[in-house]
Amino acid sequence: MSDTAPDRIHPAARMHAEEYRAGQIDRREFLTRATCLGVASTVAYGMIGLDAPALAQTATQDGGSLRIQMEVRALKDPRITDWPQIANIYRGWLEYLSEYQRDGSIRPMLLESWEVSDDARTYTLKLRPGITWSNGDALTAEHVAHNFRRWCDRTVEGNSMASRMGDMVDPETDQIREGVLEVVDDTTLRLNLASPDIAIIANVADYPGAVVHPSYDGSDPANGDMIGTGPFRLESHEVGVKSVLRRREDFDWWGKEAEGFGGASLDEIVYLDYGSDPAAWLAALESDEVDMLYESVGEFIEIMDSLDLVKSEAVTASTICIRANQEAEVDGQKPYADVRVRKALQMAMDNNVLLELGYSGLGVTAENHHVCPIHPDYAEVDNPVVYDPEGAMALLEEAGFADFEHELISIDDDWRKNTTDAAAALLRDAGIKVRRTVLPGNTFWNDWAKFPFSSTNWNQRPLGVQVLALAYRSGEAWNETAYASPEFDAKLAEAMGIASAEERKVVMKELEQMLIDDGVIIQPYWRSLFRHYKQGVTGAEVHPLYEIPTYQLGFAAT
Amino acid sequence: MLAFLLRRIAVMLLTALCLTFVVFFLTNLQPNLEKLAKAEGNSRMTDAEVTSFLETRGYARNVFVKYGEWLGVLPGFVIEQPDGSVRGRCFERADSVPPDAPAFCGVLQGDWGYSSVFRDDVGSIVATRLGLTAKLMFWVMVVMVPSALILGVLAGMREGSRTDRSLSTVSILSTATPEYVSGVILIAVFASSAVGLRWFKGTAASAMENATLENFLLPVVTIALYGTGYIARMTRASMAEVMTQQYIRTARLKGVRFRDIVLKHALRNALIAPFTVIMLQFPWLLNGVVIVETLFNYKGFGWTLVQAAGNNDIELLLAVSVVSVFVVLVTQLISDIGYVYLNPRISVA
Chain V
312 MSDTAPDRIH
322 PAARMHAEEY
332 RAGQIDRREF
342 LTRATCLGVA
352 STVAYGMIGL
362 DAPALAQTAT
372 QDGGSLRIQM
382 EVRALKDPRI
392 TDWPQIANIY
402 RGWLEYLSEY
412 QRDGSIRPML
422 LESWEVSDDA
432 RTYTLKLRPG
442 ITWSNGDALT
452 AEHVAHNFRR
462 WCDRTVEGNS
472 MASRMGDMVD
482 PETDQIREGV
492 LEVVDDTTLR
502 LNLASPDIAI
512 IANVADYPGA
522 VVHPSYDGSD
532 PANGDMIGTG
542 PFRLESHEVG
552 VKSVLRRRED
562 FDWWGKEAEG
572 FGGASLDEIV
582 YLDYGSDPAA
592 WLAALESDEV
602 DMLYESVGEF
612 IEIMDSLDLV
622 KSEAVTASTI
632 CIRANQEAEV
642 DGQKPYADVR
652 VRKALQMAMD
662 NNVLLELGYS
672 GLGVTAENHH
682 VCPIHPDYAE
692 VDNPVVYDPE
702 GAMALLEEAG
712 FADFEHELIS
722 IDDDWRKNTT
732 DAAAALLRDA
742 GIKVRRTVLP
752 GNTFWNDWAK
762 FPFSSTNWNQ
772 RPLGVQVLAL
782 AYRSGEAWNE
792 TAYASPEFDA
802 KLAEAMGIAS
812 AEERKVVMKE
822 LEQMLIDDGV
832 IIQPYWRSLF
842 RHYKQGVTGA
852 EVHPLYEIPT
862 YQLGFAAT
Chain A
79 MLAFLLRRIA
89 VMLLTALCLT
99 FVVFFLTNLQ
109 PNLEKLAKAE
119 GNSRMTDAEV
129 TSFLETRGYA
139 RNVFVKYGEW
149 LGVLPGFVIE
159 QPDGSVRGRC
169 FERADSVPPD
179 APAFCGVLQG
189 DWGYSSVFRD
199 DVGSIVATRL
209 GLTAKLMFWV
219 MVVMVPSALI
229 LGVLAGMREG
239 SRTDRSLSTV
249 SILSTATPEY
259 VSGVILIAVF
269 ASSAVGLRWF
279 KGTAASAMEN
289 ATLENFLLPV
299 VTIALYGTGY
309 IARMTRASMA
319 EVMTQQYIRT
329 ARLKGVRFRD
339 IVLKHALRNA
349 LIAPFTVIML
359 QFPWLLNGVV
369 IVETLFNYKG
379 FGWTLVQAAG
389 NNDIELLLAV
399 SVVSVFVVLV
409 TQLISDIGYV
419 YLNPRISVA
């Protein structure tokens with residue numbers, strides 16, 4: 312796959328290089344951003360035509376205990392995991408076939424390599440030799456096949472891997488389709504798909520895709536010493552309080568010798584739960600009770616900048632969508648079934664304002680089509696939405712909805728509420744009537760896909776097509792817009808069959824334009840994630856999918 | 079006296095029974111069960127998956143039957159799963175019902191159930207968390223009671239004097255400031271780099287294992303401040319009233335020193351009213367700590383209540399209610415009995 316080449320430079324870094332040349336950002340800012348995006352500093356210097364200064368490699372000391380502020384939730388069978396925080400704990404002892412890196416590229420982890428046929432229907436997975444489980448068994452292709460069977464079992468309630476396995480699941484039996492798995496030898500597994508799927512490697516890197524031992528029965532991973540291939544084991548786990556990982560002694564972890572891995576230098580990793588209030592996280596840092604945060608948010612970013620901490624940033628494809636549900640009925644009519652109404656809402660929005668007011672400008676503006684510049688298959692559209700409040704009102708009058716009062720719903724939190732508030736203000740500026748409703752988190756998610764007009768946050772997926780398939784294909788469970796366009800579905804199916812990201816871009820461009828023209832969503836900006844940690848902590852940079860690769864963490868040698 | 083005690087205990091049991099049924103009924107409403115299923119399974123489960131989750135785990139049944147099982151007067155359910163194994167209230171998921179599994183497993187059998195949020199036995203969770211809150215309450219009492227009594231007595235012994243006015247102002251101020259205000263102010267002033275004093279820690283998470291002056295003072299003071307003002311006001315009123323009594327005037331006319339009048343004649347009589355107030359502080363503290371424990375990340379009983387309620391953790395919430403009923407009624411009982419000893423004119427029998 313072309314998007315897995317190790318020397319791939321992050322597209323956002325190229326974008327920043329352009330900004331540097333145009334004088335919009337200075338050298339320092341460019342380097343921070345580019346290296347934050349995972350570009351090696353020597354390469355980053357090269358991108359703006361400078362020579363890298365000689366830098367001393369920071370060596371890691373062996374041992375130490377690192378304390379991380381993170382929500383400690385109850386652990387679950389990996390395949391039904393619904394929060395990255397849960398995965399970050401079992402990441403200590405469970406590992407993945409492939410690993411999604413901070414710059415958006417994917418590298419093999421338990422796999423040594425993979426090959427995809429040109430029609431994207433045959434995958435040959437080669438396992439890395441010499442990997443053993445913590446009970447001494449060797450990892451074999453049969454074990455991996457067992458995991459694919461687990462992932463494809465749709466009868467398990469909440470199995471989120473089943474939706475990522477797509478066509479491999481047999482709709483008749485809700486199990487893996489006969490003949491998909493072919494164990495070639497001890498270290499080779501072949502997948503024979505019925506229809507092309509380009510996202511498999513990316514999907515198995517996602518946090519529910521942890522590879523488990525065949526003896527695992529789906530019980531709570533916190534019960535007993537769960538067998539895994541990773542360097543740590545779970546010492547204790549107290550939900551809502553703390554979770555402790557300790558390095559396995561007398562265990563020969565494969566990553567020690569593998570090129571590009573290494574690490575696992577810490578003796579102990581402690582996750583401490585400080586609740587959901589960022590003020591408490593700040594207090595924990597200031598009181599020297601933690602060394603590293605899970606995430607820095609909102610106005611606290613500025614405060615933490617003023618402390619003696621290291622800040623890291625990741626540009627992500629995480630975003631918020633303010634969307635209308637086209638099938639929703641309000642007072643006996645379907646206001647959002649009319650494309651003119653949806654277009655009007657879109658035209659009344661100034662995405663820059665939403666970014667500034669909703670997320671303090673900590674991100675990049677987007678173009679209302681939910682494909683991000685960091686996606687390998689992103690293409691720039693020819694006709695983006697233009698901010699035009701008067702035009703919006705005119706369209707509404709034409710559609711006969713000028714007097715209609717929209718009810719804009721959002722969850723009760725910081726940035727999602729603020730962005731939605733800003734959106735409501737922009738609508739009012741354009742003369743459109745709008746009423747705001749704020750719902751608490753636990754009631755909001757019960758009905759999130761059915762609200763007539765509301766905002767939803769979407770996390771990043773590695774490929775642009777994946778998001779489109781998950782959220783905008785007709786009849787999908789997560790299709791909150793009720794968008795049903797046969798034309799879009801057909802184009803999307805075509806895009807899903809093109810393995811090369813470069814070639815896929817052509818189709819993607821048309822798909823993006825369709826979403827804009829049909830006024831499906833208002834998608835104002837891409838969020839950047841931030842994290843602060845203490846000087847001397849290594850491998851703690853924030854990851855766009857909130858992953859904390861436990862083996863990379865350490866303390867710099869003094 | 080014995081009849082009084084028995085009557086009180088019967089009232090307590092009846093209250094606990096009624097309250098737990100109300101909590102049980104509310105937590106078993108359909109939307110709450112859906113929430114529970116989504117928290118337990120996957121937060122993005124479909125409606126069909128939620129239904130099957132609730133059915134296979136015994137939630138989708140009559141609420142009276144379920145309450146009976148929780149109490150331990152009805153046998154625990156056994157439900158066959160789609161894959162042929164069985165799940166029951168009294169045993170882990172297995173291929174068939176284990177021969178040693180008990181038929182009844184409810185509160186009467188000493189089984190408080192299993193917390194769906196914390197994945198642990200309710201009994202041990204409540205014990206741990208109650209222990210932590212007891213530690214917090216002990217130090218709050220140590221700070222609050224003596225300071226409140228001293229403030230109140232000093233203010234009340236000369237009603238209307240300058241000492242009285244200034245001390246009363248202080249106690250009104252402190253009791254009029256809710257914890258979520260005083261806590262935030264204390265953190266901002268003494269623990270953050272905003273003011274820069276940083277004498278204490280703004281979080282008490284480490285105090286759960288190892289409480290020091292540095293990490294425990296702010297939460298203790300935050301709770302104590304509110305109660306101090308309140309008890310001091312009560313003590314002052316009671317003291318002022320005693321000081322107007324005939325026997326005090328007689329003592330003064332006889333030329334007894336003012337100090338001796340206050341300490342030997344007035345104090346004991348003035349402490350009857352504050353005693354009740356102090357006893358009533360216990361139940362208030364148990365629930366009043368909710369805010370402070372959340373603010374300072376001290377994971378005690380109040381925090382457990384918030385987590386249990388926020389996640390619809392049925393059995394944990396029930397246990398929390400039982401403990402609360404117990405604490406409220408037992409402290410009232412103690413205050414009633416204590417009254418008898420402090421004031422010979424009152425009798426409970």
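Chains V and A, in that order, are what the protein sequence lines are. Under the numbering used here, the first residue of the first sequence carries the number 312, and numbering increases by one thereafter. Under the numbering used here, the first residue of the second sequence carries the number 79, and numbering increases by one thereafter. For every residue, glycine included, the Cβ atom is placed at its ideal position computed from N, Cα and C.
In angstroms with no decimal places, state the Cα-to-Cα distance between residue i and residue j.
i, j, result
"residue 830 (chain V)", "residue 793 (chain V)", "12 Å"
"residue 366 (chain V)", "residue 476 (chain V)", "Because the pLDDT of residue 366 (chain V) is 38, which lies under 50, any placement of that residue in the model is unreliable, and the number read from its coordinates should be weighed accordingly. So the two alpha carbons sit approximately 44 Å from each other."
"residue 743 (chain V)", "residue 759 (chain V)", "24 Å"
"residue 487 (chain V)", "residue 434 (chain V)", "16 Å"
"residue 105 (chain A)", "residue 129 (chain A)", "17 Å"
"residue 282 (chain A)", "residue 600 (chain V)", "10 Å"
"residue 344 (chain A)", "residue 363 (chain A)", "29 Å"
"residue 87 (chain A)", "residue 212 (chain A)", "23 Å"
"residue 408 (chain A)", "residue 360 (chain A)", "10 Å"
"residue 295 (chain V)", "residue 387 (chain V)", "Not covered by the structure: residue 295 (chain V). The range shown for chain V is 312 to 869."
"residue 723 (chain V)", "residue 489 (chain V)", "46 Å"
"residue 874 (chain V)", "residue 440 (chain V)", "The structure shown does not extend to residue 874 (chain V), since chain V spans only 312 to 869, so no value can be given for it."
"residue 612 (chain V)", "residue 588 (chain V)", "14 Å"
"residue 219 (chain A)", "residue 566 (chain V)", "54 Å"
"residue 446 (chain V)", "residue 478 (chain V)", "34 Å"
"residue 368 (chain V)", "residue 574 (chain V)", "Per-residue confidence for residue 368 (chain V) stands at a pLDDT of 46, beneath the threshold of 50, marking its modelled position as unreliable; the derived number appears in the next sentence. Answer to the nearest angstrom: the Cα atoms are 14 Å apart."
"residue 667 (chain V)", "residue 729 (chain V)", "10 Å"
Give the range of the alpha helix (DSSP H) segment to which residue i is assigned.
i, result
"residue 297 (chain A)", "291 to 321"
"residue 729 (chain V)", "726 to 740"
"residue 588 (chain V)", "Counting along the chain, residue 588 (chain V) falls outside any alpha helix (DSSP H), and DSSP gives it neither H nor E."
"residue 148 (chain A)", "141 to 149"
"residue 866 (chain V)", "Note, residue 866 (chain V): premise wrong, no alpha helix (DSSP H); beta strand (DSSP E) at 865 to 867."
For the candidate residues the options, whose alpha-carbon lies nearest to that of residue i?
i, options, result
"residue 286 (chain A)", "A:207, A:230, A:252 and A:337", "A:207"
"residue 402 (chain A)", "A:147, A:195, A:312 and A:358", "A:358"
"residue 616 (chain V)", "V:679, V:718 and V:593", "V:593"
"residue 778 (chain V)", "V:689, V:596, V:383 and V:675", "V:689"
"residue 752 (chain V)", "V:707, V:840 and V:727", "V:727"
"residue 501 (chain V)", "V:474, V:428 and V:379", "V:428"
"residue 546 (chain V)", "V:667, V:579 and V:455", "V:579"
"residue 367 (chain A)", "A:329, A:299 and A:411", "A:299"
"residue 225 (chain A)", "A:91, A:303, A:171 and A:159", "A:303"
"residue 482 (chain V)", "V:463, V:694, V:418 and V:442", "V:463"
"residue 185 (chain A)", "A:95, A:352, A:412 and A:346", "A:95"
So residue i is in the beta strand (DSSP E); what residue range does that whole segment cover?
i, result
"residue 169 (chain A)", "169 to 172"
"residue 278 (chain A)", "Unbroken run through residue 278 (chain A): none, as it is neither H nor E."
"residue 621 (chain V)", "620 to 635"
(request) Scan the segment 260 to 276 of chain A for residues whose Cβ lies nearer than 9 Å to a Cβ of chain V and list them as they occur along the chain. (result) So the list reads 262, 265, 269, 270, 271, 272 and 276, given in the order they occur along the chain.
(request) Please determine if the segment 852 to 859 of chain V and the segment 612 to 627 of chain V are in contact, where contact requires at least 3 C-beta pairs separated by less than 8 Å. (result) The segment 852 to 859 of chain V is in contact with the segment 612 to 627 of chain V.
(message) Short of 9 Å Cβ to Cβ, which residues in the segment 279 to 298 of chain A face chain V?
(response) Answer in chain order: 279, 280, 281, 283, 284, 286, 292 and 293.
(request) With 8 Å as the C-beta to C-beta threshold (strictly closer), list the residues of the segment 219 to 232 of chain A near chain V in chain order. (result) Here the close residues number zero.
(message) Any C-beta of chain V within less than 9 Å: which residues of the segment 104 to 121 of chain A qualify?
(response) Under the 9 Å Cβ criterion, the segment 104 to 121 of chain A contributes 109, 112, 113, 115, 116, 117, 118, 119, 120 and 121.
(request) Anything in the segment 584 to 598 of chain V with a Cβ closer than 7 Å to a Cβ of chain A? List those residues in chain order, please. (result) Listed by position along the chain: 585, 586, 591, 594, 595, 597 and 598.
(message) Does the contact criterion of 3 or more C-beta pairs under 8 Å hold for the segment 378 to 385 of chain A versus the segment 207 to 226 of chain A?
(response) Touching, yes, given that three or more Cβ pairs across the two stretches are closer than 8 Å.
(request) Output, in sequence order along the chain, the residues in the segment 454 to 468 of chain V whose CB is closer than 8 Å to any CB in chain A. (result) Taken in chain order, the members of the segment 454 to 468 of chain V whose beta-carbon sits within less than 8 Å of a beta-carbon on chain A are 466 and 468.
(request) State whether the segment 668 to 686 of chain V contacts the segment 817 to 825 of chain V, with contact taken as three or more CB pairs (one from each stretch) at a distance under 8 Å. (result) They touch, by the three-pair rule.
(request) Specify whether the segment 308 to 321 of chain A and the segment 266 to 277 of chain A touch according to this definition: at least 3 beta carbon pairs, one from each stretch, less than 8 Å apart. (result) Not touching, per the Cβ criterion.
(request) Count the CB pairs spanning the segment 491 to 499 of chain V and the segment 389 to 399 of chain V that are closer than 8 Å, and state whether there are at least three. (result) The segment 491 to 499 of chain V makes no contact with the segment 389 to 399 of chain V; the number of CB pairs closer than 8 Å stays below 3.
(request) Assess, as a yes-or-no matter, whether the segment 629 to 641 of chain V is touched by the segment 833 to 849 of chain V under the definition of 3 or more beta carbon pairs within less than 8 Å. (result) Contact holds: three or more Cβ-Cβ distances are below 8 Å.
(request) Could you name the residues of the segment 146 to 177 of chain A whose beta carbon sits closer than 9 Å to any beta carbon of chain V, in the order they occur along the chain? (result) Hits within the stretch, in order: 160, 161, 170 and 171.
(message) What are the residues in the segment 539 to 553 of chain V lying within 9 Å of chain A by C-beta distance?
(response) If you check each beta-carbon in the segment 539 to 553 of chain V against every beta-carbon of chain A, the ones closer than 9 Å belong to 548, 549, 550, 551, 552 and 553.
(request) Scan the segment 365 to 390 of chain A for residues whose Cβ lies nearer than 9 Å to a Cβ of chain V and list them as they occur along the chain. (result) Under the 9 Å Cβ criterion, the segment 365 to 390 of chain A contributes 372, 373, 374, 375, 377, 381, 382, 385, 388, 389 and 390.
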